[in-house]
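**Q** Take a look at the following structure, please.
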Amino acid sequence: MLPLTVANEVRRSVADFLSSAFPSTTPGFQTLIERFLEQPGSLFRGPYLSLALPFRSGAAEQSFSWLPATFTPHAHQSRAWQRLTGDDARSTLVATGTGSGKTECFLYPILDHCRAQAALGRGGVKAILLYPMNALASDQARRIAKEILGRPELAGISAGLYVGDAADEEAGAVKQLADGSYSVITQRAKMRKRPPDILLTNYKMLDFLLIRADDARLWADNRPDTLRYLVVDELHTFDGAQGTDLACLIRRVKARLETPPGQLVCVGTSATLGDDGERSLLDF
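Dropping the structure here:
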């Protein structure tokens, strides 16, 4: 496919449609559409060529032991890993552009923590990942499943997707499906019986999981020091009343699981916090 040729065909097709769909017989307006379309930039712009500059590279020695030796993180990923690993891990806001590897900033520390906890035989939900939309949660679930299955060192780590929409094909384990895609655990009975290390959900469903009797088993294996990470993706969407709801929900999670001060490491990610329209949120 030739992009410039396709762009010209799209322009011509749209122009033909507008000319035929909106004819005018009013004096003075007979050729209005044609004159409008003939003006450069009135309806169509571009096509544009976007050249993305490379991100700064971080220190390769800061990578995790189970990552390939050839893997070199971006500088912002290295900084995030420094903050999110170890006993003195700190809550972190990741605000970088689209395609900059925000997911790896928090996912790799979480996987490494779950790997260490699994080696000690400790169960329970160790990380909660909150998404504003189920589609985002499902997309990230496939990505996490691929990471787990693609690295032998991560064998034994479990992840579950618990959202309002039921999966087309429920999975009782982290696995590769028949169509070649990947899936985390989606069977709710399975997650209640053996809670996943990583729980992907949305903030409304998490509210239900804290109060519904059927889901109480999901937290049965959690001790005060079990839950370590809570990630809020697309943080800028949680403003106003919804942001207040989320803040109260996080407090309820900590109270429900008796999480001690300094135990829970919170992570927020966003690609739009730097916009002028988000000035107040950025300042906060």
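All the letters of the sequence shown, read from the start, carry residue numbers 3 to 286 under our numbering.
Just so it is clear, CB atoms sit at the ideal spot from N, CA and C, and this is done for glycine as well.
#1: If you compare alpha carbons, which of Ser140, Gly125 and Gly126 is closest to leucine 132?
#2: Can you tell me the Cβ-Cβ gap for tyrosine 184 and alanine 157, rounded? I've got them flagged as a contact below 8 Å.
#3: Does the Cβ of isoleucine 213 have 16 or more other Cβ atoms within 10 Å, making it buried, or fewer, making it exposed?
#4: Rank Ile252, Arg196, Asp181 and Asp223 by C-alpha distance to the C-alpha of lysine 206 and give the top, closest one.
#5: From leucine 109 to leucine 202, what does the alpha carbon distance come to, in whole angstroms?
#6: Less than 7 Å between CB atoms is the rule here; does cysteine 107 satisfy it with respect to chain C?
#7: Considering only C-alpha positions, which residue in the set Ala82, Arg81, Ala61 and His78 is nearest to threonine 72?
#8: Closer than 6 Å by C-beta to aspartate 2: which residues in its own chain qualify, once you throw out the five before and the five after it? Chain order, please.
#9: Could you give the first and the last residue of the continuous alpha helix (DSSP H) run that contains threonine 271?
#10: Count the C-beta pairs between the region 11-22 and the region 32-49 that are closer than 8 Å, then say yes if the count reaches three, no if not.
#11: If alanine 129 and aspartate 199 are in contact, beta carbons under 8 Å, what's the gap, nearest whole angstrom?
#12: With 16 as the cutoff for other CB atoms within 10 Å, does phenylalanine 240 come out buried or exposed?
#13: Select from Lys104, Gly101 and Thr87 the residue whose C-alpha is nearest the C-alpha of proline 111.
#14: Check this for me: beta carbons of glycine 162 and isoleucine 187, under 7 Å apart or not?
#15: Grab the span of the beta strand (DSSP E) containing threonine 371 for me, first residue to last.
#16: Where do the N-terminal and C-terminal ends of the alpha helix (DSSP H) with tyrosine 133 fall, by residue?
#17: Buried or exposed for threonine 28, please, with buried defined as at least 16 other CB atoms from any protein chain shown within 10 angstroms of its CB.
#18: Report the option in Trp221, Asn204 and Gln265 whose CA atom is closest to the CA atom of alanine 91.
#19: Per the DSSP calculation, alanine 97 is bridged to which residue(s)?
#20: In chain order, what residues of the same chain lie with their CB nearer than 8 Å to the CB of glycine 99, ignoring the 5 residues before and after it?
#21: Would you decide whether cysteine 116 is buried or exposed? Buried here means 16 or more other CB atoms lie within 10 Å of its CB.
#22: What residue range is occupied by the uninterrupted alpha helix (DSSP H) comprising threonine 7?
#23: Based on DSSP bridge pairs, tell me the residues matched to alanine 161.
#24: Please state the DSSP three-state secondary structure of serine 26.
#25: Return the chain-ordered list of same chain residues with a C-beta closer than 7 Å to the C-beta of glutamine 189, the five sequence neighbours on each side being excluded.
**A** Well, looking at it:
#1: Taking the first residue of the sequence shown as 1, we reach residue 132 at position 130. Closest in C-alpha terms to leucine 132, from the list Ser140, Gly125 and Gly126, comes Ser140.
#2: Within the sequence shown, residue 184 is the residue found at index 182, counting from 1. Within the sequence shown, residue 157 is the residue found at index 155, counting from 1. The Cβ separation is near 15 Å, so there is no contact.
#3: As a position in the sequence shown, residue 213 is number 211, starting the count at 1. Isoleucine 213 comes out exposed.
#4: For this step, residue 206 is matched to residue 204 along the sequence shown. Ranking Ile252, Arg196, Asp181 and Asp223 by Cα distance to lysine 206 puts Ile252 first.
#5: Numbered from its first residue, the sequence shown carries residue 109 at position 107. Numbered from its first residue, the sequence shown carries residue 202 at position 200. Spanning the two alpha carbons is a distance of roughly 12 Å.
#6: No chain C appears in the structure shown, which is made up of a single protein chain.
#7: For this step, residue 72 is matched to residue 70 along the sequence shown. The option with the nearest alpha carbon to threonine 72 is Ala61.
#8: Outside the modelled stretch of the chain, which goes from 3 to 286, sits residue 2, for which no answer is possible.
#9: As a position in the sequence shown, residue 271 is number 269, starting the count at 1. Note, threonine 271: premise wrong, no alpha helix (DSSP H); beta strand (DSSP E) at 267-272.
#10: Touching, yes, given that three or more Cβ pairs across the two stretches are closer than 8 Å.
#11: Counted from its first residue, the sequence shown places residue 129 at position 127. Counted from its first residue, the sequence shown places residue 199 at position 197. Indeed, because the Cβ distance is near 7 Å, the residues count as touching under 8 Å.
#12: Your numbering for residue 240 matches position 238 in the sequence shown. With 16 or more Cβ atoms within 10 Å of its Cβ, phenylalanine 240 is classed as buried.
#13: Counting from one through the sequence shown, the residue named residue 111 turns up at place 109. Here the closest residue by C-alpha is Thr87.
#14: Along the sequence shown, one-based indexing puts residue 162 at 160. Along the sequence shown, one-based indexing puts residue 187 at 185. Their beta carbons are under 7 Å apart, which means glycine 162 touches isoleucine 187 by this criterion.
#15: Look at the range of the chain in this structure, 3 to 286, and you will see that residue 371 is not part of it.
#16: Counting from 1 along the sequence shown, the entry for residue 133 is found at position 131. For tyrosine 133, there is no enclosing alpha helix (DSSP H), as DSSP gives it neither H nor E.
#17: Locating residue 28 in the sequence shown gives position 26, counting from the first residue. That one is exposed.
#18: Indexing the sequence shown from 1 puts residue 91 at position 89. Checking every option, the nearest Cα to that of alanine 91 belongs to Gln265.
#19: One-based indexing of the sequence shown puts residue 97 at position 95. Per DSSP, Ser272.
#20: Position 97 of the sequence shown holds residue 99. So the qualifying residues of the chain are Ala273.
#21: Your numbering for residue 116 matches position 114 in the sequence shown. Here cysteine 116 is buried: its Cβ has 16 or more other Cβ atoms, across all protein chains shown, within 10 Å.
#22: Within the sequence shown, the letter at position 5 stands for residue 7. From DSSP, the alpha helix (DSSP H) with threonine 7 extends over 5-23.
#23: Position 159 of the sequence shown, counted from the first residue, corresponds to residue 161. Paired residue(s): Ile200.
#24: Within the sequence shown, residue 26 is the residue found at index 24, counting from 1. Three-state DSSP puts serine 26 in coil, outside helix and strand.
#25: In the sequence shown, residue 189 corresponds to position 187, counting from 1. So the list reads Glu172, Ala173 and Gly174, once near-sequence residues are dropped.
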